[in-house]
Structures are given as structure tokens and as C-alpha cells.
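With the first letter of the sequence shown counted as 1, position 265 gets the number 265 in full-length UniProt numbering; the numbers rise by one all the way through.
For every residue, glycine included, the Cβ atom is placed at its ideal position computed from N, Cα and C.
These notes concern the structure reproduced below.
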Amino acid sequence: QEIISGESEEESNGINLMEFSDEILLHILSYIPCTDLVLNVRRTCRKLATLCLDKSLTHTVLLQKDYKVNKDKVKQLMRDIGKEIYQLNMAGCYWLPSSTIDHVTRCKNLVKLNLSGCHITSLRLSKMLSTLQHLRSLAIDVNPGFDASQLSSECKATLSRVLELKQTLYTPSYGVVPCCTSLEKLLLYFEILDRSREGFMLSGQLMVGESNVPHYQNLRVFYARLAPGYVNQEVVRLYLAVLSDRTPENLHAFLISAPGSFAETGATKNLLDSMARNVCLDALQLPKAWINGSGLLQHLKFNNPFYFSFSRCTLSGGHLIQRVINGGKDLKSLTSLNLSGCVHCLAPESLFRKAEDDIDSSILESLVVSCCNLRHLNLSAAHHHSSESIGNHLCQLLSRLKHLLSLALPVCSITDVAANVEKPPTASNLVPQTFGRKVRIGVQTYPRNLADQANQKIESSVFWALMGSLRFLETLEIIGSSFSSAMPRNEPAIRNSLPPCVRAQSVGDSEVAAISQLTYLQSLTLAQLPNILTGSGLINIGLQCQRLRTLSLANLGMMGKVVYMSALMDMLKHCKCLRDLRLEQPYFSAGAQFFQALSHCSSLQRLCIVSRSGTLQSDAVMSFMANCLEVIMCHMFMGESLTVCKNLQQSIVRSFQADRPALNVVIFPLLHEDLTEVIRDVPMRHLDEITLFKSRVAEEPPNLWW
């Protein structure tokens with residue numbers, strides 16, 4: 001309708017959108033959700049009716065973040081273009097009833113199908129797959145009650161041709177893996193809880209009839225990500241048992257992401273020994289216990305590696321250089337490297353070293369020179385302190401990585417060493433980072449104008465120079481090395497936080513202002529920056545980083561007061577593209593002024609606030625939800641009473657659920673004993689992407705799944 005109504009004005013100016021070439025119009029239309037193209041835009045005129053059904057637009061249908069889609073729209077979409085769809089992504093469409101899956105049977109030519117996060121039973125899965133004879137890639141969830149014996153012979157025939165399988169397990173099971181005899185890529189996500197809702201302990205043992213199931217002879221990629229819990233570890237060992245007997249000769253990517261302690265067993269040792277003898281890898285990630293203290297890396301062979309993750313390992317920089325990058329030899333193929341929590345990775349040895357000691361810049365330099373094509377680098381959760389030697393600061397060395405798209409650093413690593421040495425601690429640095437009565441101190445006035453701020457020391461800082469050299473960076477995380485979220489997974493809320501690193505005490509507003517140079521920035525995480533005094537740098541980011549879509553702020557400045565609230569509200573007025581906002585700060589007051597400022601974020605879809613002793617104003621929340629029509633997720637874990645939280649949650653659902661089918665609202669006291677039970681009902685998409693705090697840079701290999 002907008003296109004038609006604007007034609008008269010366009011014609012008077014000599015420009016008519018419909019006169020553009022088909023190629024240009026197809027490119028424009030590719031930015032519109034497929035449901036809108038087929039159900040709305042197609043009906044505006046004859047030319048668009050033809051173009052909207054072009055194969056380039058209907059070949060791949062992405063519904064995974066189309067939060068306005070409902071069962072009727074999916075039904076009509078499949079009826080109109082089902083036969084033209086070859087790739088269908090419905091991942092995370094948790095709000096659609098399971099009967100919606102029945103309409104996928106119209107897509108007879110499907111090659112790729114992603115149903116992760118969708119409600120689907122064994123019988124429905126069997127009926128659907130029986131009709132999809134061309135399917136080669138499948139992603140599904142395996143929930144309690146799944147029964148492989150209900151799969152028909154036609155369904156099993158389809159599964160036998162599947163080459164790529166992504167399976168998220170919420171119950172101990174092999175799922176459909178037994179039927180997938182031609183697998184080349186297997187991705188497993190273990191989300192099994194140790195206890196049932198009734199409080200019974202679960203067992204990781206699988207049914208006897210399923211014990212001989214996996215078929216790994218053609219496997220090229222094996223990936224497993226485990227949520228916390230011993231049951232997940234028990235079940236993944238059963239999946240690995242067959243691999244230890246016979247390692248696929250074509251295996252080139254072997255990745256296991258496991259939090260906490262995941263001990264090595266005789267079977268896993270045999271598997272690793274077999275891999276060292278028989279395969280040549282391109283991607284590797286192992287639990288820390290499998291690497292620490294072993295000579296494994298010395299024996300593994302690598303071809304053209306593109307991804308390494310040594311997260312939380314005690315690997316020293318000397319071993320990293322000698323065993324992984326072959327003494328500094330060419331490793332241009334490596335595009336993603338995760339050294340998060342690898343506290344000694346930039347030191348020659350770890351035996352007598354303290355975690356807070358200075359890094360060896362020659363190790364980092366070797367890494368930068370050898371891996372010059374890195375696009376994703378994670379150095380968070382460690383103390384990487386640069387020495388005073390000129391030209392060897394971590395930021396100066398990293399500035400050579402011109403291809404970086406995402407970067408995660410600890411706060412203490414960006415400190416300008418010379419400035420710290422020359423200047424005595426300021427009054428703000430001497431203020432204890434604790435709760436309670438606050439001491440009134442003189443606060444330095446920080447200019448809100450970027451040009452004025454640039455005239456101060458920041459342009460000469462190493463971090464300012466780093467931000468200036470990484471102009472194409474899209475994701476940046478600056479996280480305190482001792483930061484831990486108040487809301488960890490599967491545990492009660494953390495009541496006390498560790499103090500920030502001493503080297504991080506000077507990091508504040510000027511460093512945040514330096515980030516505003518990243519004009520292509522899409523995702524920003526800042527956590528535990530102790531010297532935030534006014535938050536003025538946030539305004540600069542709001543003005544300059546117009547592509548920002550995801551913002552996560554946690555524990556900035558003094559812990560007893562939200563010192564950056566005014567600046568944050570000014571910033572939000574400029575964030576027109578912001579879709580996800582996560583705030584974690586004690587004593588945060590979510591009142592009328594905050595929500596009025598947030599209402600300027602017209603594209604906002606998801607909001608999460610975590611605040612011990614935080615308060616909220618119910619009327620302001622309701623007004624915000626009414627004004628921001630795109631918001632489909634509202635999670636608030638505050639200090640309010642259970643009654644206040646429940647009443648507000650019910651009011652939001654009652655008022656907006658009908659018009660927003662994907663609406664997910666959780667408002668709950670942060671320190672309530674039932675918090676973990678509430679968390680388990682949050683859709684995995686929101687829980688994994690925003691509600692739970694974690695570093696996401698190089699968390700997985702790039703393009704792991706489509």
C-alpha cells in the first residue's frame with residue numbers, strides 16, 4: 001500500500017520504483033520477510049506479484065525470528081509456495097502449536113529443515129519426514145516422551161539419507177541418530193536437567209535396545225555442547241563410545257564444549273589416541289581436563305585449521321606456539337580462536353606464574369603474525385596485563401589484525417600502562433566497590449561531546465588506537481576478568497561479586513567513548529568497568545554506532561548506585577536499530593523516565609533486566625509495552641515482591657498476548673528460591689541468546705549451522 005500511495009509523488013519527481021530493473025527490485029524485496037512478500041506485498045500489483053514468487057525469494061524461507069508469524073500464516077504460506085521451498089528455517093518458533101508442523105508436508109522438495117525449538121511429537125515427526133524424500137539436513141528437539149519405535153519405515157528411509165543432523169536433547173535418548181546411517185555432520189546440544197520437576201534425580205543411562213545405534217563411518221564433523229549437569233556428561237559419553245571403537249577416517253572437526261569438570265576416561269583417551277593416529281583436523285575443541293597436563297596437542301595433526309577453542313585450559317603460551325601454531329609458522333587458514341579463561345596462554349610457561357603477571361608480548365606477536373586472517377578472537381576471563389615496554393602493548397599488537405569482525409577482551413587488558421604508572425590513584429579509584437553507605441567525592445566532569453572528549457587523553461591511548469584500526473568490527477565484548485553474572489545457570493542467584501582487577505580500576509568513560517569509532521558495530525557487551533563516573537561515552541556510541549542491534553551492560557561504575565542512568569537514557573534515544581537490550585546492575589530503578597527513553601528504540605524486540613534490590617514501576621512497564629509494538633520478550637529479575645512481579649506479568653500477558661503470538665514474559669524476584677524452576681520454562685532461544693550472560697565471541701565455529 002505504501003508503494004502504491006507513493007507512486008504519484010515519485011512520478012512527479014521523475015522516479016518510479018516500478019521502473020527499476022528486476023534485479024534491483026529483487027534485491028530490495030530480499031530484505032522483506034517471506035510471509036509479508038507472499039501474503040501482502042504480492043497483492044499490491046502485477047509486477048510485484050510475479051517478482052515475489054521468484055525462485056531467489058522462495059528457495060529459502062526464514063521464519064526463525066519472524067515473531068509475528070502465526071499458525072494461519074504458516075498454513076497459507078505453505079499452501080501458496082510450499083513446492084518452491086527447498087530450505088525452511090523455523091528454529092525457535094516456540095509459540096507455534098505442534099499442529100503447525102503438519103503443514104510442512106506440503107514442502108515436498110525440502111532439502112534443509114530446521115525445527116529446533118519447535119514443539120513436535122514422535123508421531124508428527126514420523127508423518128512429516130515420511131513425505132520429505134529429498135531431505136538432507138535436519139534440526140530437531142528430543143523432548144521427554146520421544147519414542148523412536150513410533151517412527152515409520154518411510155520416515156526411517158528419509159533419515160537414512162540425511163547427511164546433517166542437529167539434535168537438542170532435553171531427555172536421555174539417542175533421538176533419531178540410530179536411523180541416520182549416512183551422517184557426515186552431527187551437532188548435539190545436551191540440555192538435560194539432573195532433576196525432574198517433581199525433584200527426582202534423573203539417570204543418564206539409555207534404553208538397552210538403543211545401545212548399538214550411532215553410525216559414524218562417514219562422519220566429518222562432530223560437535224557436542226553440554227549444559228551444566230552430570231546427566232549431560234553421562235549421555236554424551238554414550239554417544240562417544242562408538243567413536244572410540246572406530247574413528248571415522250574423514251573426521252576433520254571434533255568439538256566438545258563442556259562447562260566445569262568433565263573428566264577423561266579410558267574410552268575417551270582411546271578415542272583421542274586414535275584421532276592422533278588416523279585423522280587430520282581442521283577444527284578442535286576439547287574439555288579442559290582432556291588437554292591439561294597431557295601431550296595430546298603434540299601428537300594431533302592439523303591440515304588447514306579454521307577454528308581452535310582452548311577455553312578454560314591451563315595451556316601456556318609456550319605450548320600454544322610450539323604445539324598449535326608450529327613455532328610461529330604460517331597459519332593463515334585460522335579464522336576463529338577462543339582462548340577465553342586460558343589464563344596462561346600469553347605467558348611462556350605456567351608452572352611458577354601468577355595469573356596477574358605481565359604477559360609475554362613476543363608470544364602474542366607470534367600469534368598475530370602467524371594467524372593474520374583471524375576474524376573472531378576471544379581473550380576474555382583472564383588477566384592479560386601488558387608490560388611497560390613501548391610498542392608491545394596488547395592493544396598495539398592486536399591492531400595488526402585488520403580482518404577482525406568480533407573481539408572479546410578483559411577490562412584490565414585495555415589499560416594504558418604508561419598512564420597508570422605516571423598517575424597516582426584518583427579518589428574515584430579509592431572508593432570501595434561495595435554496597436552500603438556511599439562516600440561523597442569530587443567527580444570529574446566529562447564532556448558529552450565527542451570532539452571535546454577526543455581533545456583529552458583518549459586519542460593518545462592504546463585502546464583508542466585499537467578501536468580506530470578495527471573499523472569493520474561488528475561485535476565487541478569488554479568484560480571484567482573477575483565478573484560473574486548474578487544469575488548463573490541451574491543455580492541460585494549469586495549474592496556477592498568479586499572486586500575488579502586492580503589494573504582495571506582506571507577503565508571508564510574515556511575508554512567507552514573510544515568504542516564510538518566502530519561505525520559498523522552491531523553487538524556490544526560491557527561488564528565490570530569500575531571507573532564509569534557519568535557514562536558519557538555511551539552517548540557517543542548511541543550517536544556514532546547507528547547499526548547497533550544488541551547491547552549488554554553489567555556492573556558499570558559504583559555498585560551502590562547507577563551512575564550512568566542519565567547517559568544511558570540519552571543514548572537510547574539514538575538507538576533506532578537496537579533489538580536486544582540486557583541490563584545487569586544492582587539498585588537499578590526501572591521507572592517512567594527510563595521506559596520513556598527506551599520507547600525511542602522503535603526496533604526493540606527483547607528486554608532483560610537483572611538487578612539485585614532493583615525496583616520497577618508497573619504503570620511505566622505497561623505504557624512501554626503499549627508503545628513498543630515489536631517487543632516480544634520482557635524478562636525482569638528484580639528486588640520486587642513476588643506479588644508485584646506476578647501481577648505485572650499477568651497484566652502484560654493479558655493485554656498483549658493476542659496481538660503478539662511470540663510474547664514471552666518472565667518477571668520474578670531475583671533472589672527467590674524458585675528462580676531456577678522459572679528459568680527452565682524460558683524458551684531456549686531467549687535463554688541462550690540474551691537472558692543468561694556469557695561471552696559469545698568464537699563460542700562456536702563460524703557457519704556451524706545454516
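DSSP three-state label for residue i, please.
i	result
Lys-73	helix
Lys-332	coil
Lys-561	coil
Gln-167	strand
Glu-210	Annotation note: pLDDT 48 at Glu-210 (below 50); position unreliable, no value reported.
Gln-505	helix
Met-487	coil
Pro-305	strand
Thr-105	helix
Lys-83	helix
Ala-148	helix
Asp-66	coil
Thr-268	helix
Thr-312	Note that residue 312 is Arg in the sequence shown, not Thr. Arg-312: coil per DSSP, three-state reduction.
Leu-17	helix
Would residue i pass as an interface residue toward chain C - the criterion being a Cβ-Cβ separation below 8 Å?
i	result
Ser-336	The structure shown contains no chain C; it is built from a single protein chain.
Here's the rule: buried if 16 or more other CB atoms are within 10 angstroms of the residue's CB, otherwise exposed. What is residue i?
i	result
Phe-472	exposed
Lys-112	buried
Ala-382	buried
His-686	buried
Met-201	exposed
Asp-22	exposed
Leu-88	buried
Asp-245	exposed
Lys-73	buried
Note down the Cα distance separating residue i from residue j, rounded to an integer number of angstroms.
i	j	result
Glu-689	Leu-581	11 Å
Gly-317	Phe-222	27 Å
Thr-335	Glu-700	12 Å
Leu-450	Lys-288	With a pLDDT of only 47 at Leu-450, under the threshold of 50, the placement of this residue in the model should not be trusted, and no figure is reported.
Leu-397	Ile-414	12 Å
His-299	His-376	26 Å
His-672	Cys-608	17 Å
Ala-139	Ser-116	6 Å
Ile-32	Ile-541	28 Å
Tyr-230	Leu-48	55 Å
Pro-500	Gln-205	43 Å
Trp-705	Asn-114	10 Å
Lys-332	Ile-325	10 Å
Leu-57	Leu-29	8 Å
Leu-169	Phe-190	5 Å
Thr-426	His-319	At Thr-426, the pLDDT of 42 sits below 50, so the modelled position is not reliable; the number obtained from the coordinates is stated separately. Approximately 40 Å, taken between the alpha carbons.
Ser-602	Asn-250	49 Å
His-344	Cys-412	15 Å
Tyr-239	Leu-159	18 Å
Val-368	Glu-459	24 Å
Ser-399	Leu-466	5 Å
Asp-357	Ser-386	9 Å
Leu-568	Arg-612	19 Å
For the alpha helix (DSSP H) holding residue i, just list the boundary residues, first then last.
i	result
Thr-643	642-656
Thr-676	675-679
Tyr-239	230-245
Ala-87	Here residue 87 is Gln; the residue named in the question, Ala, does not match the sequence. Careful: Gln-87 lies outside any alpha helix (DSSP H), inside the beta strand (DSSP E) at 87-89.
Ile-24	22-29
Leu-138	Leu-138 -> not in any alpha helix (DSSP H); beta strand (DSSP E) instead, spanning 137-142.
Thr-35	34-39
Lys-156	153-160
Phe-463	462-469
Asn-540	536-544
Thr-50	46-51
Ser-366	361-370
May I ask which residues mark the beginning and end of the beta strand (DSSP E) holding residue i?
i	result
Phe-190	185-190
Gln-285	280-285
Met-636	633-638
His-376	376-378
Thr-525	523-527
Thr-475	475-479
Lys-112	112-114
Ser-387	Premise fails: Ser-387 is in no beta strand (DSSP E) and is neither H nor E.
Taking only runs that begin and end inside the stretch 555-630, name each unbroken beta strand (DSSP E) of 3 or more residues, in chain order.
Counting only runs of 3+ residues, the beta strand (DSSP E) found wholly inside the stretch 555-630 occupies 580-584 and 606-610, in chain order.
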